[in-house]
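Residue numbers (my numbering): -1 to 96.
We put the beta carbon where it would ideally sit given N, CA and C, even for glycine.
These figures come from a predicted structure and were not determined experimentally.
One structure below.
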Ligand SMILES: [Zn+2]
């Protein structure tokens, strides 16, 4: 019994030709031709670099930076990049829910 690859999807990948789903054998599900699977990651950059977004991120991190009592989501050891990344991710997730 041979395995039918057309039933198996490449997880989290889209074809470089059409941006459609990709089968495990490297065939684009839209044009049925060989393609290069690319990672589906267009969701990562929903948040544009605008002054409004920048202020939103800044305000949130500033608010969540732990005070002397140790409250808040971030502390000095969080690292700036890490804190920004988590904050942007959070805003992106909130936007999806709208
Ligand atoms: Zn295609």
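- Scanning the region 20 to 52 from its first residue to its last, the whole beta strand (DSSP E) runs of 3-plus residues come out as 35 to 37.
- At least one heavy atom of ligand 1 falls within 8 Å of the beta-carbon of residue 18.
- With fewer than 16 other Cβ atoms from the protein chains shown falling within 10 Å of its own Cβ, residue 18 counts as exposed.
- When C-beta atoms of the region 49 to 56 are compared with those of the region 67 to 74, fewer than three pairs fall below 8 Å, so the two segments do not count as touching.
- Per DSSP, residue 75 lies in no beta strand (DSSP E) and is assigned neither H nor E.
- With respect to residue 28, residue 13 sits close: the two C-beta atoms are nearer than 9 Å.
- Residue 32 and residue 86 have their alpha carbons spaced roughly 35 Å apart.
- Only buried fits residue 20, as 16 or more other CB atoms lie within 10 angstroms of its CB.
- Under the three-state reduction of DSSP output, residue 6 falls in the coil class, being neither helix nor strand.
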